[in-house]
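All letters in the sequence shown, in the order written, are residues 111 to 416 by our numbering.
The structure appears right after this line, and notes come after that.
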Amino acid sequence: MGRTLRRRGHEVRVIAPCDGPPPELFVTPIGKSIPTASNGSIAPVAPDPSAQLRTIRALWDEDFDVVHLHEPFAPGPTITTAMLKPAPLVGTFHAAGDQPYYKRLAGLASWGARRLDVRVAVSEDAVELIQGLVEGEVHVLFNGIEAERFRDAEPWPSGGPTVLFIGRHEERKGLEVLLRALEYLPEDLTIWVAGEGPETQELKAKYGDRRIEWLGRIEDDERDRRMKGASVFCAPSLGGESFGIILLEAMAARTPVVASAIPGYSKVATTQHGLAAELVETGDAAALAEGIGRVLSDQSYRSELI
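Shown next as C-alpha cells:
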C-alpha cells in the first residue's frame, strides 16, 4: 500500500518494528518485534515501552493527515496510536479464528474502536471476530496486492512439474498434509518448500523424499519468480486464515492454485464465473494429491483456473 500511494503522489511514512534493516526508505523502525503465540501461529508484536516511546516520537515528528492502523487492538504501537489519536484514524482488522487477547482486552478494545473514524475488515470472517467490540459500520475491503510484480516476474527454471508451498512451517499451515500427499503424486514431481518454522527440522527428518527441495527463507524477488515458474501453487492450511492473500499472488502470476476449502480461501477463490482454484477437503492428503494431479494432467481445466 505504501509503495502504491507514493506512486500516486502521496507522502507516506510506515511506522513498524523491524528485525533487520528497514525494507524501504519510508519505513521508520521502532525496534525489534517479540514473537507471540496467536491463532495457532506466531505473531510479531512490539509491546515493550521503548517501542511505544519511539512510536510517540515518530507520530509527533510528522504532521499526518491520516493514520492507518493495522490490527488496532494488537498490543503495541497500534493501541498507543489509538490512545494519542494524532490525526483521523483508519483501522483495518485482519485476524480471524481464535484470538484470546480480544477477549482479555475487551474493554480496552471497545474503547479503542470508538477512537477509529473508519473501520475496515479484510473479510466477513474478520468482521465476525470483532462483532460485539466494534460499534458502527465496518467496511469489508479485501486485501490488495501489487499484481504487476507477479505478472511480470521472470519464471524460475524447473526441470519438470513443480508444486510451490510458501508459509511458516507450523501445523496451521498444513505443510505436512502436502508432504503426506507425495505418496500419491508422480515420481517426476518436485515440491519447492519455502519458509521456516517450529516444525521445519521435524518435517525434514520425517520426510526425506528426494522430490522435496527445502528452500528456507527466500527474498521477495525469488518468491515472485518461483510463484511464476511453478506448475501449481499449493495452500493446504487447516484454518485460521481470514483472507488468502497468497492465493491472489499466485493468481496474479497465472499459476493454478490448489487449496484447502477453508472459509478464508473459499471466498477468495469464488468468483461470479465459478471457482478460480481447485479446492479440496481440509487435512486430506489423498484429496490434495488428487486435486494437484487434476490440475497437472487436465490442460483444459488448468486453463480455466488461470
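Built from N, CA and C at the ideal position, the CB exists for glycine as well.
Just so you know, these numbers come straight off a predicted model, no measurement behind them.
Item                                                                                                                                                              : Value
Could you pull the DSSP bridge partners for E388 from this structure?                                                                                             : V368
Is the beta carbon of L199 less than 7 Å from the beta carbon of D235?                                                                                            : no
In chain order, what residues of the same chain have a beta carbon less than 8 Å from the beta carbon of E400, not counting five sequence neighbours either side? : Y294, V390
Between the segment 327-342 and the segment 265-272, do three or more beta carbon pairs fall short of 8 Å?                                                        : yes
Spell out the partners DSSP gives I356 in its beta bridges.                                                                                                       : Per DSSP, none; premise fails for I356.
Would you give the residue range spanned by the alpha helix (DSSP H) that E286 belongs to?                                                                        : 285-291
Considering E323, what are the terminal residues of the beta strand (DSSP E) in which it resides?                                                                 : 322-326
Once the 5 residues before and after A291 are set aside, which same chain residues still bring their CB inside 6 Å of it?                                         : A395, L398, A399
Using only alpha-carbon positions, find the residue among F353, L243, A231 that is nearest to R224.                                                               : L243
Output needed for A363: all residues of its chain with C-beta closer than 6 Å, excluding positions within five of it in sequence on either side, in chain order.  : F260, M337, K338
What's the call for A387, buried or exposed, on a 16-neighbour Cβ count within 10 Å?                                                                              : buried
Rank R117, E414, C128 by C-alpha distance to the C-alpha of E256 and give the top, closest one.                                                                   : R117
So what's V405 in DSSP terms, helix, strand or just coil?                                                                                                         : helix
Measure how close the beta-carbons of I372 and E359 come, nearest whole angstrom, since I'm counting them as under 8 Å.                                           : Going by Cβ atoms, the distance from I372 to E359 rounds to 17 Å, so no, they are not a contact pair.
So, under 8 Å CB-CB, P182 and A161 are touching, yes? Tell me the CB distance rounded to an integer number of Å.                                                  : In fact, because the Cβ distance is near 16 Å, the residues do not count as touching under 8 Å.
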